[in-house]
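Chains as they are written, first to last, in our numbering: chain H, 12 to 291; chain D, 116 to 436.
Structure (structure tokens):
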């Protein structure tokens, strides 16, 4: 226990990234309390496009809505999309990767072929195609992004399974009469969770970026609901006349993604046994 | 009573095949092994690394699929477990267990000792109160304490881990335990403890063992019969005293001469082999030992010697025995 606290202390990435992530999660959870105005209903055309000031810390947009409140509420969309879609990706990736690595043969060839196809299509194009097919909206965003990024998790899971399944305790489990499902989920999966967790954390960040891009292109969250990408899209035309409209949502995306990436890197350093030497 | 009968067991693995030729190469890991084992007895399988000893053990448990041959366990053909029903497979799994060489990779690092011992019994439908008692009993049997049950494998030493492996193998009351180099990863003082433990357990539970080892000195203490295996084939089989007194096959003679004598003044004529084991991808014609044999004759290069019985219970595959 003492040892693991020491390890975490020596991981500035993990500490800083974890702190940023915690702040964003806090913001999303307590948006009602934290934001001074309602993000949609408190529109006041008398104060449209006001620069940052005491009563509007981040300024207001063209309809006189408080940017700070919209950024705070926007964290809900970003985080929920990041976490839900990455969970979907991870589950799909684990199921395919685990079974492909464990059973091998034609199923492995098939799954690897599928991931190669997925990896060869730019994920943005793939998500765009799905969104164009099923239309914009939050649920559809979950579906589109949740099916886009599983190939990395799948590959990493498979390669970890290939190594782990050759270990003696897997043979022992077979000899003791464990079923294949039991071996996969109780003997192999718990031992390969580390790398999956790392890629999952990093995937949350990329899912947030994807959502922002899709919303920017008009296929994601529809106005007037606040999402960081959507706010950037509407702010584009006033980039020079009212720069605060684009700076603050942009900063929010930047800081969130940075925090999650730092956190993911820190997790990898702690969980990857090959990097123990770096930790004194 | 004959517990296990192995007839002409062959296990081949596909080797690397070239894109340009259709010819498939094969690794002849086990190439025609036959033996039988009585209830309560021990057979030692010895040979150098790469000769197919481990594959014999894995094939017997169906952890790798045998290519051909027959394995009879208590009179039942168990060569291909996938042909049997789920229930029959479980019943056979219960009877045959294995102890591995490496005590570090043979235990799931994320499971406590209790889980490691409890789950197999649960799978085989043993009620929970019986399991609890059994775990304590097993731990005590192999020289661990009941309070160890909540610990993880990394909290134990190599010797202790090997004891856990033995406890796990015993948990289902098997009648046969295959020990795949059960002591070679341990240091010498611990080796003796583990071998003595295995002998005690054999007496108590009337267990049969197949002990696979590269070291004759290890099997000397525990085996009733010894099979010497070279390149996937048994070259000589006899009870230990016969083998020790009059080794017939030149390979056995070499192996025996490699056992150190614990006396610095005694000298032994060592037979040192030239070269190394030929590749099982491309085994030599005739007697597979001929490229390294000190008394090779012309016939050896072309004619493969059969296993012949030279005295009751002593068989050897050499033209000149």
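Heads up, the beta-carbon is just placed ideally off N, CA and C, and yes, glycines get one too.
Note that this is a predicted model, so its numbers are computed, not measured.
Practice item. State the Cα-Cα distance for the pair residue 169 (chain H) and residue 41 (chain H), rounded to the nearest angstrom. Key: Within the first chain, numbered from 1, the residue matching residue 169 (chain H) stands at position 158. Within the first chain, numbered from 1, the residue matching residue 41 (chain H) stands at position 30. Cα-Cα distance, rounded: 39 angstroms.
Exercise for review: Let me know if residue 255 (chain D) comes out buried or exposed under the rule of 16 or more other beta-carbons within 10 Å of its beta-carbon.
Suggested key: As a working mapping, residue 255 (chain D) is identified with position 140 in the second chain. By the C-beta density criterion, residue 255 (chain D) is exposed, having fewer than 16 other C-beta atoms within 10 angstroms.
Practice item. Using a Cβ-Cβ cut-off of 9 angstroms, state whether residue 277 (chain D) counts as contacting chain H. Key: By one-based count along the second chain, residue 277 (chain D) stands at place 162. With 9 angstroms as the cut-off, residue 277 (chain D) does not count as an interface residue toward chain H.
Review point. Based on Cα-Cα distance, which residue from D:259, D:215 and D:248 lies nearest to residue 186 (chain H)?
Key: If you number the first chain from 1, residue 186 (chain H) lands on position 175. That would be D:215, whose Cα lies nearest to the Cα of residue 186 (chain H).
Practice item. Can you tell me which of the three DSSP states residue 251 (chain H) falls into? Key: Translated into positions along the first chain, residue 251 (chain H) becomes position 240. The answer is coil: DSSP assigns residue 251 (chain H) none of H, G, I, E or B.
**Study point:** Local conformation of residue 182 (chain H) per DSSP, three classes
**Key:** Working through the first chain from its first residue, we reach residue 182 (chain H) at position 171. Residue state, collapsed to three classes: helix.
Check your understanding: By how many angstroms is the C-alpha of residue 223 (chain H) removed from the C-alpha of residue 161 (chain H)?
Key -> For the purposes of this step, residue 161 (chain H) is taken as residue 150 along the first chain, with counting starting at 1. For the purposes of this step, residue 223 (chain H) is taken as residue 212 along the first chain, with counting starting at 1. Our two residues, residue 161 (chain H) and residue 223 (chain H), have alpha carbons roughly 19 angstroms apart in a direct line.
Review point. Would you report the Cα separation of residue 213 (chain H) and residue 102 (chain H), rounded to the nearest angstrom?
Key: Here residue 213 (chain H) corresponds to residue number 202 of the first chain, with the count starting at 1. Here residue 102 (chain H) corresponds to residue number 91 of the first chain, with the count starting at 1. Those two C-alpha atoms are separated by around 15 angstroms.
Review point. Does the pairing of the segment 244-262 of chain H with the segment 64-84 of chain H give three or more beta-carbon distances under 8 angstroms?
Key: Segments in contact, yes.
Review point. What residue from H:215, H:208 and H:48 has the CA that sits closest to residue 281 (chain H)'s CA?
Key: One-based indexing of the first chain puts residue 281 (chain H) at position 270. Residue H:208 holds the alpha-carbon nearest to the alpha-carbon of residue 281 (chain H) among H:215, H:208 and H:48.
Point to revise | Secondary structure of residue 141 (chain D), DSSP reduced to three states | key: Here residue 141 (chain D) refers to the residue found at position 26 when the second chain is read from its first residue. Strand.
**Study point:** C-alpha gap between residue 192 (chain D) and residue 175 (chain D), whole angstroms
**Key:** Taking the second chain and counting its residues from 1, the one referred to as residue 192 (chain D) is at position 77. Taking the second chain and counting its residues from 1, the one referred to as residue 175 (chain D) is at position 60. Roughly 11 angstroms between the two C-alpha positions.
Practice item. Consult DSSP for residue 338 (chain D) and reduce its assignment to one of helix, strand or coil. Key: Here the question's residue 338 (chain D) lines up with position 223 in the second chain. It is coil, neither helix nor strand.
Point to revise | Runs of alpha helix (DSSP H) wholly within the segment 205-257 of chain H (minimum 4 residues, chain order) | key: As far as the segment 205-257 of chain H is concerned, its whole alpha helix (DSSP H) runs of at least 4 residues are 239-246.
Review point. Can you tell me whether DSSP reads residue 12 (chain H) as helix, strand or coil?
Key: Stepping through the first chain from its first residue, residue 12 (chain H) is reached at position 1. Legend: pLDDT at residue 12 (chain H) = 47, less than 50; position of this residue unreliable, value from coordinates given subsequently. Judged by DSSP in its simplified three-state form, residue 12 (chain H) adopts coil rather than helix or strand.
Practice item. Identify the continuous alpha helix (DSSP H) that holds residue 122 (chain D) and give its terminal residues. Key: In the second chain, counting from the first residue as 1, residue 122 (chain D) sits at position 7. Premise fails: residue 122 (chain D) lies in the beta strand (DSSP E), 117-129, not in any alpha helix (DSSP H).
Review point. Around the C-beta of residue 30 (chain H), are 16 or more other C-beta atoms found within 10 angstroms, so that it is buried, or is it exposed?
Key: For this step, residue 30 (chain H) is matched to residue 19 along the first chain. By the 10 Å Cβ count, residue 30 (chain H) comes out exposed.
Point to revise | CB contact check: residue 198 (chain H) to chain D, cutoff 9 angstroms | key: Numbered from its first residue, the first chain carries residue 198 (chain H) at position 187. Yes, contact with chain D.
Check your understanding: Looking at the structure shown, is residue 343 (chain D) part of a helix, part of a strand, or coil, going by DSSP?
Key -> What you label residue 343 (chain D) is simply residue 228 of the second chain in a count that begins at 1. Of the three classes helix, strand and coil, the one that applies to residue 343 (chain D) here is strand, per DSSP.
Review point. What residues from chain H crowd round residue 217 (chain D), counting only those whose CB sits closer than 8 angstroms?
Key: Working through the second chain from its first residue, we reach residue 217 (chain D) at position 102. Result: 179.
Review point. Using the rule of at least 16 other Cβ atoms within 10 Å of the residue's Cβ for burial, across every protein chain shown, is residue 291 (chain H) buried or exposed?
Key: Taking the first residue of the first chain as 1, we reach residue 291 (chain H) at position 280. Residue placement at residue 291 (chain H) is flagged as unreliable, the pLDDT there being 37, under the threshold of 50; the coordinate-derived value follows with that caveat. Residue 291 (chain H) is exposed by the Cβ-count criterion.
Review point. Is the CB-CB distance between residue 84 (chain H) and residue 62 (chain H) below 9 angstroms?
Key: For this step, residue 84 (chain H) is matched to residue 73 along the first chain. For this step, residue 62 (chain H) is matched to residue 51 along the first chain. The beta carbons of residue 84 (chain H) and residue 62 (chain H) sit no closer together than 9 angstroms.
Exercise for review: Measure the CB-CB distance between residue 171 (chain D) and residue 160 (chain D) and report whether it falls below 9 angstroms.
Suggested key: The residue you call residue 171 (chain D) lines up with position 56 of the second chain. The residue you call residue 160 (chain D) lines up with position 45 of the second chain. Yes; because the gap between Cβ atoms is below 9 angstroms, this pair is in contact.
Check your understanding: residue 321 (chain D): buried (16+ other C-beta within 10 angstroms of its C-beta) or exposed?
Key -> Translated into positions along the second chain, residue 321 (chain D) becomes position 206. Residue 321 (chain D) counts as exposed, since fewer than 16 other beta carbons sit within 10 angstroms of its beta carbon.
Exercise for review: Verify whether the separation of the beta carbon atoms of residue 327 (chain D) and residue 294 (chain D) is less than 9 angstroms.
Suggested key: Position 212 of the second chain holds residue 327 (chain D). Position 179 of the second chain holds residue 294 (chain D). Yes, they are a contact pair.
Review point. What number of angstroms, rounded off, separates the C-alpha of residue 140 (chain H) from the C-alpha of residue 117 (chain H)?
Key: Here residue 140 (chain H) refers to the residue found at position 129 when the first chain is read from its first residue. Here residue 117 (chain H) refers to the residue found at position 106 when the first chain is read from its first residue. So the two alpha carbons sit approximately 29 angstroms from each other.
Point to revise | Under the three-state DSSP convention, the category residue 71 (chain H) falls into | key: Sequence index remark: in the first chain, residue 71 (chain H) carries index 60 (1-based). In this structure, residue 71 (chain H) counts as strand in the three-state DSSP scheme.
Point to revise | Straight-line gap, residue 147 (chain D) to residue 394 (chain D) (C-alpha atoms, nearest Å) | key: Within the second chain, the letter at position 32 stands for residue 147 (chain D). Within the second chain, the letter at position 279 stands for residue 394 (chain D). Roughly 17 angstroms separates the two Cα atoms.
Exercise for review: Kindly indicate if chain D contains any beta-carbon less than 9 angstroms away from that of residue 183 (chain H).
Suggested key: For this step, residue 183 (chain H) is matched to residue 172 along the first chain. So yes, residue 183 (chain H) belongs to the interface.
Practice item. Have a look at residue 423 (chain D) and residue 189 (chain D) and give me their C-alpha separation to the nearest angstrom. Key: Within the second chain, the letter at position 308 stands for residue 423 (chain D). Within the second chain, the letter at position 74 stands for residue 189 (chain D). Residue 189 (chain D) has its alpha-carbon roughly 26 angstroms from the corresponding atom of residue 423 (chain D).
**Study point:** Segments of 4+ residues assigned as alpha helix (DSSP H) that fall wholly inside the segment 290-341 of chain D
**Key:** Here the runs fully enclosed are 303-320 and 331-335.
Check your understanding: With distances taken from CA atoms, which of D:187, D:220 and D:217 is nearest residue 210 (chain D)?
Key -> In the second chain, residue 210 (chain D) corresponds to position 95, counting from 1. Of all alpha-carbon atoms in D:187, D:220 and D:217, the one lying nearest the alpha-carbon of residue 210 (chain D) is that of D:187.
Check your understanding: residue 72 (chain D) CB to nearest chain H CB: under 9 angstroms?
Key -> Outside the shown range of chain D (116 to 436) lies residue 72 (chain D), about which nothing can therefore be said.
Exercise for review: Could you spell out where the beta strand (DSSP E) holding residue 430 (chain D) opens and where it closes?
Suggested key: The count along the second chain starts at 1 and reaches residue 430 (chain D) at position 315. 429-431 is the extent of the beta strand (DSSP E) around residue 430 (chain D).
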